[in-house]
Structure formats: structure tokens, C-alpha cells
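Okay, structure first, notes after.
Residue numbers (the numbering used here): 2 to 147.
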């Protein structure tokens with residue numbers, strides 16, 4: 002094997018560490034808000050060529066938090082279900098909905114009770130759930146001493 006350029010050696014080492022690290026790193030071992038100053042040296046061989054790469058910097062762990070997600074049915078699927086619930090009236094219902102959209106109002110009389118029941122059902126379809134998320138892990142390289 003021909004002698005590798007320093008930039009190629011660095012790339013090989015970093016790719017190997019990245020792939021190895023993905024299978025070895027366990028985020029649950031780190032606490033949100035932690036910071037670690039690192040001064041590492043990786044040494045070894047690529048083929049017969051000796052290599053040594055230094056790594057200086059700070060590993061920072063973001064604070065854990067929550068992320069909201071919507072837990073519901075897409076409105077298009079709900080309307081499709083309602084329109085097609087009775088195949089005999091599906092075309093008529095679809096046309097009525099087009100007219101409602103065009104006119105900006107509903108032509109049929111809807112009672113306050115019917116509207117309240119519908120509102121309650123819509124709220125069931127549009128629930129928001131909070132999910133815990135781990136803070137991100139970042140690494141900032143230390144500036145070289147002048």
C-alpha cells in the first residue's frame with residue numbers, strides 16, 4: 002500500500018471513529034447540561050502506516066425537554082369517511098360540501114347541540130401529546146493556541 006496523504010489518513014480515522022461511535026455511544030449515560038473538556042489522541046495503524054490524530058474541544062449535552070406532536074386523523078380522511086359512509090348519498094354529500102365551500106356557509110340548519118357534539122368529536126381527532134426528548138450532544142473544537 003502506498004503511503005497515504007495526511008488528509009486521507011485523517012479522513013479514514015474520522016470515518017472509522019464515526020461508524021464505531023454510532024454503535025458504542027449511549028446517550029442515556031449523559032445528563033442534560035453536562036460539559037466535558039476533551040484532550041484525546043487516537044493512535045494506531047492504517048495498513049503498515051502509523052497514524053496519530055489529536056482531538057481537543059468540548060462535548061456539550063443539551064438539556065432534556067419535551068416536543069409536542071399532533072395525534073389525530075387527517076381532515077381529508079375524515080371528510081372522505083363521512084361523505085362515503087352511505088354510498089347512495091356520497092355524490093350528493095360531496096356536492097353539498099363543494100357548495101358550502103363556495104358560499105362560505107352551510108345551507109342546512111344545524112342546531113347548537115349538533116354543533117357542540119361535532120366540536121367535541123373534532124377535539125378528539127386533534128389531540129396534542131407531549132413527548133420527552135433528550136437534549137442534543139454537540140462538540141466544539143478547541144481553537145489552536147497562538
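Just so you know, even glycine gets a beta-carbon here, dropped at the ideal spot from N, CA and C.
Residue 1, enclosing alpha helix (DSSP H) - first and last residue: Since the first residue shown for the chain is 2 and the last is 147, residue 1 is missing from the structure and cannot be characterised.
Nearest to residue 153 (by Cα), restricted to the options 36, 37, 38 and 53: Not covered by the structure: residue 153. The range shown for the chain is 2 to 147.
Using the C-alpha atoms, what's the distance from residue 131 back to residue 51? 51 angstroms
What's the C-alpha gap between residue 16 and residue 9? 11 angstroms
Rounded to the nearest angstrom, how far is the Cβ of residue 5 from that of residue 74, given a contact under 8 angstroms? At roughly 56 angstroms, the Cβ-Cβ gap does not stay under 8 angstroms, so residue 5 and residue 74 are not in contact.
CA-CA distance, residue 123 and residue 107? 17 angstroms
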